[in-house]
Structures are given as C-alpha cells and as structure tokens.
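Trainee: A single structure is presented below for examination.
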Amino acid sequence: MAVDSKFQSMDIDVKIKKFTWRIQNFSSLEVKKLYSEVFTVDGYKWRILIFPKGNHVDHLSIYLDVADSATLPFGWSKYAQVGFGVIDQFDRETSSTRVTQHCFNAREADWGFTTFLCLTELHNPKRGYLLNDECLVEVYVCTDKTLDFISREFIVETDWDELKAKEADCVKAVMDNQKTPTTKPVEMTLPSPAQSSSQTVATEPEEPAEEDMNTFFTSLESELSSSRMLYSKEEAKEALAKIKEALNTTPVNLNDSGKFSPLKQAIMILARFDGSSTTLTIEQKNELLDLEERLKELANRAAKAVQDKDQLTAKESIKQTMTCNLESSLIRYKEVETEVKQVDQILAALREEVEEAQKRKEKMLAERKGIYRSCKEMKMELDALGKELAECEATAKVGEEEEKSVEAEWGRIKDFISSIEAKI
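Per the UniProt record's numbering, the very first residue in the sequence shown carries number 1; after that it's consecutive.
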C-alpha cells in the first residue's frame, strides 16, 4: 500500500538536528510498521520507525533506527540523545513528547518507546493529533554527549514561528536553485550565532581520493602510536584483577558499590596494553573499550528488575494486611448484628427497661454504620489495589526475565575476561 508522507530535516543549531515527518491518510494505514525516509546525522544514517496500530500494545509505538546497521563494521556504536514528539496541531503545548538517550549498537540498533501515545487519545477528534487525518511527527537528534539540550520544554516552547519562516526561506532557495522537481526531502541549515545570516543549501563534500585517505590514516596511526601511553605487564595484570573482582560481585552490588570509576581506568589500561607476544586483537580491544558502558547498562537493568520485584512484595504485604483487617471487621460486624437481635429480644421482654435498652441499641446501630462505611472504603481500596497488583505482577515477571538476561550476559563477559587473562 502506498503511503502519503512528507519529510523535512533542518538544523535547530550547530549541535541539534530536527526532522519533521507529516504522514497523510494516517487512519487508512494498513501496514504493521512504517519507516520514514533516511536522514544523516554525524555520518550515520537514521530513520524513524513507527507502529501505527502499536507494537503488540494499544499505543502508538515510535523508535529511532540506524538504517544501515547491518553493513556497519564490527563493534560499532553511536551515542544519541533523542526527543520524540507527536504534535497536537490544535495546541502545540499539549503535544505528546518523550526524551531518551541511548548508545546504539549492533544488538540494539533501534531505540524508543513502545507505549508512546494511547491509540484512543491519538484518534480523539477533540485533540489535534490527526488534523485532516495527518499525523505530524517530530524527532530531535543530538550526538554530543556533553550536551543535554533536548527536553519537553525545548520541543514545545521553541520559537517555531521564527523557525518556520526561516524554513520557508530555505525551501524557496532550494526550489529556485533546482532545475527539475524532486520528491526527495529538503535539507535545510539554519544559521547559528557564529554564522552569517545568508541561507545556503547543504552540499555534499567532494569525494576523497584513495591515495589521500591512505596517507591521512597512515600519518594518524603514526601520531597516535607515538603519543599513546604504554603500560607494563604488571599494570595490565592489576587492571585485569580489578575487572575480575568487579565481575565477581552481582550486577546490583556493582551498581551500588561505586566501583565504576576505577573500572574505567582498569579497562583503558587493559585495552592499551601491548605485550610482545600477547597483543589483543582489534575486536577484543573494541569490546574492552565498550565494556564500561555495557556493565553500567547491565547493572542498571538488574537494579530495575530488583526494584520491580521489591515493589510487588510491598504491594502483596499491604494487600495481606488490609485483607486481615477486613476479615476482622467482618467478624465484628456479625457480632454486632447478633447483639442487636439480642437487644431487640430484651426490649420485647422488659418493657420497663425500654429506654435504657433503646440507648444501647442506637449506640450499637451507629457502630454498625461506622463499620459499614469503614468496610466499604476498605473494599474500594482493596479493589483498586487488586488492579495495581496485576500490573505489578506483569512488571515483576518482565523483571525476572530481564534478570535472567542480565545474568547470562554477565556470565558471558566473565568468560570473555577469562579468555583475555590467558593472553596477559
């Protein structure tokens, strides 16, 4: 099925790139998933991936995907901070936005949100998400780890009128310079404060010659080799011991122990160690340099899994306490109900004590009403807790699977380090 869509890219400033994807006839889409056109940021090819009817959930699912991940060299990785926005075209400030950051690699070449926006809310005619059946998706990408600009406020509160005016000027400049119409997305660069105010169309750099590239990288390798710090075998062994010590703890304990800082130096020493007969392969060095981020990721995942399980235990404890209280109240309610019947019998038999018995009856009836109200409130709380408990059980089950995955990956890393130890 052909999909009507319009795609544009522009620079918000020197560091952040914005990509706009306008999907027409959205309600008529029959595909399970849909990719945008490919765009380039920091030398990598990217594309937006959405599941219009949800990725096995009742929400719109949206991700940023490395378009050519299958052809990239072994051990590749790329950090990116990403902001997603599905724009409310009635009121931009009520748009649905989410921000995340991720180190993309061969195992996780796409990243985003499976439950980004509820489908009921997306198709609500009172909201502007599908104005004229067009869905407006915006993605902001920054690959600089030192910056943390992208936020919900950044997405919805930027001076869009000014940006749109500049964007329109850029488009007009592109159209004026084209000899024939094209359906490819327009690349626009807005000037930063350090740039001139003229609008220019982005052009591709000249193709470098093979000889120039070989000369450049030969010179670069020589410079790096001459400036690289060399480490002794004893230092490498000490670094390896620190890594093994860290791996002998659990992922959760490593996350809480503050050992990541010394690990970074140990990993760097091991990656740069170059013995005469024990040189590590390029793949091993690349994997070592990536090890710190992977260990942090595994430790965080393990901590999240434990947190989810602890939350389930706490909810179950609350439920048990409330259930016991409810059972005690029910017993007392029945006791009071029996006492009321006994008092009725006393009133019938002892007319002379009617006034005193009547007071006791009224008191106990008031107590019964109080118990009823208390029980009714506790029953409502118990029903609400039952719903929360079901969600917690699902989350805990996912946490258990995640914990198993972490343990498996943890074991693989330990085996990998052991294989390196033989070379040191």
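Don't be surprised by glycine CBs; every beta carbon is placed ideally from N, CA and C.
Taking Cβ positions, are LYS78 and PHE104 nearer each other than 8 angstroms?
Mentor: It is a contact, given that the beta carbons lie within the stated cut-off.
Trainee: From PHE26 to ALA394, what distance separates their C-alpha atoms?
Mentor: Going from the Cα of PHE26 to the Cα of ALA394 covers about 32 angstroms.
Trainee: Ends of the beta strand (DSSP E) at LEU60?
Mentor: Here the beta strand (DSSP E) through LEU60 covers 59-66.
Trainee: Cutting at 7 angstroms between CB atoms, please list the residues of its own chain near ILE87, excluding the five before and the five after it.
Mentor: So the list reads SER95, LEU136, GLU138, once near-sequence residues are dropped.
Trainee: Counting along the chain, where does the beta strand (DSSP E) carrying PHE154 start and finish?
Mentor: Not the beta strand (DSSP E): PHE154 falls in the alpha helix (DSSP H), residues 152-157.
Trainee: Looking only at its own chain, which residues have a Cβ that is under 8 angstroms from the Cβ of LYS359, when we skip the five neighbours before and after it?
Mentor: Contacts found: none.
Trainee: Could you tell me which of THR115, GLN101, ASP65 sits nearest to TYR44, measuring between CA atoms?
Mentor: Comparing Cα-Cα distances from TYR44 to each of THR115, GLN101, ASP65, the minimum goes to ASP65.
Trainee: Whose C-alpha, out of VAL156, LEU350, ALA266, is nearest the C-alpha of ASP290?
Mentor: The residue with the shortest Cα to Cα distance from ASP290 is ALA266.
Trainee: Is it true that the stretch 315-324 meets the stretch 296-307, where meeting means three or more beta-carbon pairs spaced less than 8 angstroms apart?
Mentor: Short answer: they don't touch.
Trainee: Below 8 angstroms, how does it come out for the stretch 412-422 and the stretch 326-344: are there three or more Cβ pairs, yes or no?
Mentor: No: the two stretches stay apart, fewer than three of their Cβ pairs being nearer than 8 angstroms.
Trainee: Measure the Cβ-Cβ separation of GLY128 and ASP68 and say whether it is below 8 angstroms.
Mentor: No. Outside cutoff.
Trainee: Taking only the alpha-carbon atoms, compute the straight-line gap between ASP133 and GLN24 and give it to the nearest angstrom.
Mentor: Spanning the two alpha carbons is a distance of roughly 6 angstroms.
Trainee: Starting from the N-terminal side, write out each stretch of the beta strand (DSSP E) that is 3 residues or longer and does not extend beyond the UniProt domain "MATH" (16-141).
Mentor: Fully enclosed beta strand (DSSP E) runs of 3 or longer: 17-23, 39-41, 44-51, 59-66, 77-86, 96-105, 110-118.
Trainee: By the three-class DSSP mapping on this structure, what secondary structure does PRO208 have?
Mentor: In the structure shown, PRO208 sits in coil (DSSP, three-state: anything other than H, G, I, E or B).
Trainee: Count the other CB atoms within 10 Å of the CB of THR281; is the residue buried (16 or more) or exposed (fewer)?
Mentor: Counting Cβ neighbours within 10 Å, THR281 comes out exposed, since fewer than 16 surround it.
Trainee: Quick one, are the C-beta atoms of residue 427 and LYS15 less than 8 angstroms apart?
Mentor: Given that the chain is displayed from residue 1 to residue 424, the structure contains no residue 427 and the question cannot be resolved.
Trainee: How is THR250 classed by DSSP in three states: helix, strand or coil?
Mentor: THR250: coil per DSSP, three-state reduction.
Trainee: Can you tell which of CYS142, GLU37, HIS56 has the C-alpha that lies nearest to the C-alpha of PHE116?
Mentor: Of CYS142, GLU37, HIS56, the residue nearest in Cα terms is HIS56.
Trainee: Say yes only if the C-beta of THR281 is nearer than 7 angstroms to one or more non-hydrogen atoms of the ligand ZN, and no if none qualify.
Mentor: What this structure holds is no ligand at all, so the ligand ZN is not there to describe.
Trainee: What first and last residue would you give for the alpha helix (DSSP H) that runs through THR281?
Mentor: No alpha helix (DSSP H) contains THR281, which DSSP labels as neither H nor E.
Trainee: Pick out whichever of SER36, LYS32, ASP42, CYS392 has its Cα sitting closest to the Cα of GLY54.
Mentor: Among SER36, LYS32, ASP42, CYS392, the Cα nearest to that of GLY54 belongs to LYS32.
Trainee: Which residues mark the beginning and the end of the alpha helix (DSSP H) in which residue 431 is found?
Mentor: As displayed, the chain neither begins before 1 nor continues past 424, which places residue 431 out of reach and without an answer.
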